[in-house]
Structure formats: structure tokens, C-alpha cells
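Undergrad: Chains as they are written, first to last, in my numbering: chain A, 2 to 403; chain B, 3 to 235. Ideal Cβ positions, reconstructed from N, Cα and C, are used throughout, including at glycine.
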Amino acid sequence: MRLFLTDTAIGAFAVDENGNVVLKVVAPNDINKLVERSLSIENDVPTEEFKKLVNDLITTYGKDLEVVVETEGYAKYLNELGLKTTLQFGNDVILRFRSELPKYAVESGFISSSEEYKNFVHMLALAVTRSKLRVVAQKRDLLAIQAIRAIDDIDKVFNLFASRLREWYSIHFPELDDLVKEHVDYARIVSEIGSREDINEKNLRKLGFSEGRAKRIISAAERSLGAELSEYDIEPIQTLANIMLELNNLRDGLTQYLSSLMKEVAPNITELVGPLLGARLLSLAGSLETLAKLPASTIQVLGAEKALFRALRTGGKPPKHGVIFQYPEIHKAPRWQRGKIARSLATKLAIAAKADYFTGRFIADKLKKALEERINEIKTLYAKPPPKTAKPERRRTQKTRK
Amino acid sequence: MAEAVRVYEYSPYKDVYVVELDDGSTRLATKNLVPGRRVYDEWLFKFGDVEYREWNTYRSKLAAALLKGIKELSICRGDKVLYLGAGSGTTASHVSDIVGLEGRVYAVEFAPRVMRELITVAEERINLIPILADARFPHRYRYLVETVDGIYCDVAQPEQASLVILNAKYFLKSGGYLYLAIKARSIDVTKEPDEIYRREIETLKRGGFEVIDVIHLDPFDKDHAMVYAKYVR
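This is the structure we're talking about:
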């Protein structure tokens, strides 16, 4: 008996010369397992389903079976089992079978309708491609780390420049400092308008100020106590403002780059805490690998090393959170809930990091749901601050090293 | 932004439209499968209840081939197409527009860098199936791809024709069509095809393809020609 064997996205099939399916082993409809077996087929390694199919065939038809497969890896496997194997790709039988793959998917009960097959094949291809991209993405975590550090550098420099700009321009127009609190808006006024005499409603509105604010700025400019400056003196101030605006653009670009990079490098972490905080965690750990190997308790206080070691040294209270304090649910929560939420978030992050580094599976949706449930629980269980108790006596400290 | 004043099908091609703008110019377009979303920097036109997506003839070789009057556009609604060398999805997205929700485009691309862009296009288009693989080894994606109605190939590879033949053996139905973008340096390819180009056509013929039409894409694409062929098993 001559049979054509093929391993597909939905399972392994044995087809006879007339195109009838003789035997099939359907794969479990679980996305992570499907991705795994897809990669196995791509690497020309027979899958579990295929092995079971061959096994079943041998028990039914015996060893004098003649089989046809399409690739060397599969042919080798069958040869070693002692089956008469032919290697032939693009044969009519398999071609016909392949043209009706959606139909067989429904018939074998893998999915319920051919309409669903569309979603299935789309979803599987996306998942497989993503997981392959992730392999290529090795070392890209280092890029994300540099990008977030660059963003933090820019923030530092930007703030430094902003205070310099305010001080400098205040010689000319001191009242503006209080009127415009946003650094970027302030820099825009200096860069685009310059001298306070040139400030008018039209150009302020163009910069996006509301009518009320524009009027206040104009009236302040008219009554300003600042010194008159010539264009020659204002120009260098404007140059500084221009550079600030450029830095701001650079930051926006980097943020965008980082968020697409993080989705690729660490999709689970990113889904949980967003690209910026996710990258900061990577940066503090040093790489995705080290982050994946950290316990949740360490992740909880990453970025608060100073406070942690002080606490360990003196026997004082350890910090409740490190950089994960930036997670909105933590810093918005009342003080007595923060530690509990931080602990819960850190455990989920530890799982997410492990998934990102080791399996590449996407589990963040489940993690997020569990985290939200826990946060709600904390909020209801600990709605009121704990009663104040007398301060516990400090543990005797060991001699601190000088 | 210009407004569309008239839209009609670009005869004899099905599901390809000409959009006339109020400034008098015309654009090639397809019906947008995902209204409101752009793939590259193309324009979107609303006409009646339908949104059309400009098909840039300088960015897409298939659009250029249509404008230059290639014999037929065999790609039609409901087709399954194997697209080799999908790049960042410029042309592939228009093919996805044409085949519609009943059809499928298997978009094979080897370069991870462009695949990152392609995957964002594919996320929004349920009929666009991204495959990160080397088109020279079709057995690696045989588990996913069904038998297809046609192949569109635009890979910048010297062995294009043999690569197409291998893929056709795996996936192309008998009577299926092929659009192959070939790099050809000479201007009038039909009269003086250069050596590489002639060899590719020869290989195609030996591989079971019947070449129906060859169109040079000048001035939209100075270096390429589009080959239209049918496959006989």
C-alpha cells in the first residue's frame, strides 16, 4: 500500500493515491503548542503528531508499507523505522490535499467552520513569525537598554537647559517664568517669538495657547520689568531654546522606537507595565537574561538599592518598591497599599520576564487580569489605613563599618 | 487634500479603480480592506460609502505593470495568492485589497527588518498571512500554505526563475498564474533582452510556465520588467 504523508499546521495526515484521508492525528488547538510544532516542521524535524501517525500506520498496515514524503528530514525518520520511503515533493495527491486544507480542518473537528480557518491561519502565522523574529532579536534587549538610558540622559540635560533658559530669558522677561510652567511651551515662545515686544495674540495662539493664557502673557509682556535686550543679545538664548526643542523631538522619536523595540524584545513585560518602565527594568537588571533570572523580591526593589542596603545594614525598614513605583497603580495608591501592590506586580513581572526570555509565549493578558484582580482585592480589603501602633523598637544594629 | 470626483473600474482589470480628483489628476486605487488605515504614505479617498486607497505606481511594480497595460490581471476576488518577497507590504497590501476577505495572501519575506513592518500591516489585515522564511526553501512553509491560484514574485535574487518553479511545484494549481518582476537593464526588453533576463525566461519555460506577456516598467521603475505567465502541470 502506497501512502502520502504530510505534516500540516493542523496535524499529520496520511492520504492514499485517490486523495482519501486514511488516517490523521490532529494537533491540540493550543497556540503555544501549535507554534512549537510549526517551528519543528520548518526545521524538518517530525512532530509528535507525525510520529504517532506513523506508529498507528505501522500497527494497522505492518512494515511493508510504502510511504511518500516531501522532505529529507521526514524521509530519514521513516527510513530509520524500516519503511520503504520515497522522497517526492509537489505530487498531485498532496497538492490536492493542500488545496482543501481548510475543509479537512473542519472535518477533523480542529475548528468549527471554514470561516474560523481564516482567523486560525492568520493568528498562527503571526505567532510563528513573531517567535522567529524574537530569535533574530537576540541582543536587541541591549539596544532597548541603551535607548532608555539615552531618554533618561535627554531628560536630565533638558531639565538642566530648561532652568538655564528660564534664568537667562528672565533678564528680559521675568514674568514669563511663572506664567508658563511647561518647559517645552516656554522654549517654544523663546525660540519662535524671541523678544517680548514681538509677542502678540496671533503668534501665541499659533503656538497652541488658549485665548485666556495668551491675553495674560501679553499683558505681562506690556508691563514687564525686565531689561530691554537687542536682537544680538536674544539670539544666543534662542539658539539654546532651539536645541531644547530638538532634544524634545529626539526624545519623542526615541520613545516611539523604544516602544516598538520593547514589544519585540519583551512583549509580556511591555504589555504589563509599558515600554518605558519595562526598559528601565531591563536597564537596571543589565539584560533580559539577568532580569529573567531574578526573583520577584529583587525585581520589587530594583532601583532602590541604596535604601535596601541601608535597611539591611541598620536593620531598619526595607523599601517597598524600586523603579516599579512608576507604575501608576502603585504611585496613585494610598501609602499603606503600595507595598502590597508592588509585591503583586513584582511577582507578575518575574513571570513575564521568564516567559519573554525562555519560551517567548504571550501570557501577559492572563497576568494582567490576575494582577488587576489582586489590586482590586487589595483596594477593598485594605481600604482604610492600618491603626497606628507604637513604633517598634529598632533592632540592635551590628557595628556599622566606617 | 484633493477630493475624489469620479471613480470607475480600470477596465479591463477587475477590482482596480481609477480615482479622478477635483484638480483633474487621476490615481490608480483599490478598495481599502481596512478603512481609515494607511500602509505606506498613500492617499485615502472617500467616495460614496467606499474608501479607496491610492496605488502608487512608482512604489508598486504591479501598479506600474497595470498602467503600462499588461495583458491581464488574473488576481481577483477570493483568490489565494502566494506572494514571494513581500517586503514591507506595499504591493502585498493592494493584493490583499483585491482578493478581499474571501481570499488569502501568503506573504513570504526573508529579511527580519522589513518583516517587522510587514507584520504590523498583517495584524490589521486578516487575509494577509506573514511568513518569515527563505523563498528558496518552500518546504519550510508547506505546512501552512494551501494550494494557491497564483504566485506573485518580486525577490531581488539572481535565481528568481528556479525559485519560482520550486514554489510552483509545491503550491501552484494547474492553470495558475504567475507575475514575476525581473530585473532587466535594457530599456526595450522585448527586443533586446539582456543575458540574465533571457536566461530567466528560458528557465521559466522549461519549468512548465507559458509566458504570455512581458512589460517593461519604464518610467515607473527603470530597471524592471513584469513577466506574466501561466502554469501547466
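Using only the heavy atoms of the ligand NAD, determine whether one of them is closer than 7 Å to the beta carbon of residue 37/A.
TA: Looking for the ligand NAD in the displayed structure turns up nothing, as the structure carries no ligands at all.
Undergrad: Name the two residues that bound the continuous beta strand (DSSP E) containing residue 352/A.
TA: The residue you call residue 352/A lines up with position 351 of the first sequence. Note, residue 352/A: premise wrong, no beta strand (DSSP E); alpha helix (DSSP H) at 336-355.
Undergrad: How many Å lie between residue 162/A and residue 304/A at the Cα?
TA: Indexing the first sequence from 1 puts residue 162/A at position 161. Indexing the first sequence from 1 puts residue 304/A at position 303. If I take the Cα positions, the gap works out to 26 Å.
Undergrad: Name the residue from 47/B, 130/B, 95/B and 80/B whose alpha carbon lies nearest to the alpha carbon of residue 236/B.
TA: Lying before the first or after the last residue shown, residue 236/B is absent from chain B, which here runs from 3 to 235.
Undergrad: For residue 153/B, which of helix, strand or coil comes out of DSSP?
TA: To locate residue 153/B, count along the second sequence from 1; it is residue 151. Strand, per DSSP.
Undergrad: Mapping the DSSP letters down to three states, classify residue 227/B as helix, strand or coil.
TA: For the purposes of this step, residue 227/B is taken as residue 225 along the second sequence, with counting starting at 1. Here residue 227/B sits in strand by DSSP.
Undergrad: Just tell me which of 108/B, 135/B and 113/B has its CA closest to the CA of residue 123/A.
TA: The residue given as residue 123/A occupies position 122 in the first sequence. Among 108/B, 135/B and 113/B, the Cα nearest to that of residue 123/A is on 108/B.
Undergrad: Between which two residues does the alpha helix (DSSP H) holding residue 254/A run?
TA: By one-based count along the first sequence, residue 254/A stands at place 253. It spans 232-266 - the alpha helix (DSSP H) in which residue 254/A sits, taken as one unbroken run.
Undergrad: Who are the near neighbours of residue 41/B in its chain, counting only those whose CB is closer than 7 Å to its CB and skipping five residues on each side?
TA: Residue numbering aside, residue 41/B sits at position 39 when the second sequence is read from its first letter. Excluding sequence neighbours, residue 41/B sits near 91, 92, 95 and 123.
Undergrad: Based on DSSP bridge pairs, tell me the residues matched to residue 131/B.
TA: What you label residue 131/B is simply residue 129 of the second sequence in a count that begins at 1. Per DSSP, 108/B.
Undergrad: How should residue 218/B be labelled, buried or exposed, when 16 other C-beta atoms within 10 angstroms of its C-beta is the threshold for buried?
TA: Locating residue 218/B in the second sequence gives position 216, counting from the first residue. Counting Cβ neighbours within 10 Å, residue 218/B comes out buried, since at least 16 surround it.
Undergrad: Just verifying my parser: in three-state terms, what is the DSSP assignment at residue 143/A?
TA: By 1-based counting over the first sequence, the position of residue 143/A is 142. Looking at residue 143/A - three-state DSSP - the assignment turns out to be helix.
Undergrad: For residue 322/A, count the other beta carbons within 10 Å of its own beta carbon; 16 or more makes it buried, fewer makes it exposed. Which is it?
TA: To locate residue 322/A, count along the first sequence from 1; it is residue 321. Buried is the call here.
Undergrad: Run through the stretch 37-112 of chain A for me and flag every whole beta strand (DSSP E) of 3 or more residues, listed as ranges in chain order.
TA: 67-70 and 85-88
Undergrad: Can you check which of these residues, 333/A, 31/A and 340/A, is closest to residue 300/A by C-alpha distance?
TA: Reading the first sequence from its first residue, position 299 is the one you call residue 300/A. Cα-wise, what sits closest to residue 300/A is 340/A.
Undergrad: Please identify the residue among 169/A, 84/A and 118/A whose C-alpha is closest to the C-alpha of residue 65/A.
TA: Here the question's residue 65/A lines up with position 64 in the first sequence. Residue 84/A is the option with its Cα nearest to residue 65/A.
Undergrad: Can you confirm whether residue 120/A, when its beta carbon is compared against all beta carbons of chain B, has any partner nearer than 8 Å?
TA: Here residue 120/A corresponds to residue number 119 of the first sequence, with the count starting at 1. It does: the Cβ of residue 120/A has a partner Cβ on chain B nearer than 8 Å.
Undergrad: Exposed or buried, which one is residue 10/B when buried takes at least 16 other CB atoms within 10 Å?
TA: Position 8 of the second sequence holds residue 10/B. Answer is exposed; the Cβ neighbour count stays below 16.
Undergrad: How about residue 1/A: is its C-beta nearer than 8 Å to some C-beta of chain B?
TA: Look at the range of chain A in this structure, 2 to 403, and you will see that residue 1/A is not part of it.
Undergrad: For the beta strand (DSSP E) holding residue 17/A, just list the boundary residues, first then last.
TA: Walking along the first sequence from the start, residue 17/A turns up at place 16. Unbroken beta strand (DSSP E) run through residue 17/A: 12-17.
Undergrad: If we count Cβ pairs, one from each stretch, closer than 8 Å, do we get three or more for the stretch 156-171 of chain A versus the stretch 280-300 of chain A?
TA: no
Undergrad: Check for me: the beta strand (DSSP E) holding residue 284/A runs from which residue to which?
TA: In the first sequence, counting from the first residue as 1, residue 284/A sits at position 283. It is not in any beta strand (DSSP E) - residue 284/A instead sits in the alpha helix (DSSP H) that spans 276-286.
Undergrad: Would you mind stating whether residue 178/B and residue 210/B have Cβ atoms separated by less than 8 Å?
TA: Within the second sequence, the letter at position 176 stands for residue 178/B. Within the second sequence, the letter at position 208 stands for residue 210/B. Their beta carbons are not under 8 Å apart, which means residue 178/B does not touch residue 210/B by this criterion.
Undergrad: What number of angstroms, rounded off, separates the C-alpha of residue 1/B from the C-alpha of residue 130/B?
TA: Missing from the structure shown is residue 1/B; chain B here goes from 3 to 235 and no further.
Undergrad: Measuring only between beta-carbons, confirm whether residue 172/B sits less than 8 Å from chain A.
TA: On the second sequence, residue 172/B is found 170 positions in, with the first residue counted as 1. At least one chain A Cβ lies under 8 Å of residue 172/B.
Undergrad: Assuming residue 69/A contacts residue 89/A under a Cβ cut-off of 8 Å, what Cβ separation, rounded to an integer in Å, is found between them?
TA: Residue 69/A sits at position 68 when you count from the first residue of the first sequence. Residue 89/A sits at position 88 when you count from the first residue of the first sequence. About 5 Å separates the two Cβ atoms, so the contact holds.
Undergrad: Which runs of the beta strand (DSSP E) spanning at least 3 residues fall entirely within the stretch 29-64 of chain B, listed in chain order?
TA: 46-49 and 52-56
Undergrad: When you compare the CB of residue 87/A with every CB in chain B, is at least one pair closer than 8 Å?
TA: As a working mapping, residue 87/A is identified with position 86 in the first sequence. Chain B, which has no Cβ nearer than 8 Å to the Cβ of residue 87/A, makes this no.
Undergrad: Counting only Cβ pairs nearer than 7 Å, list the residues of chain A close to residue 149/B.
TA: Start at 1 with the first residue of the second sequence, and residue 149/B comes out as number 147. Chain A residues near residue 149/B: 96, 99 and 100.
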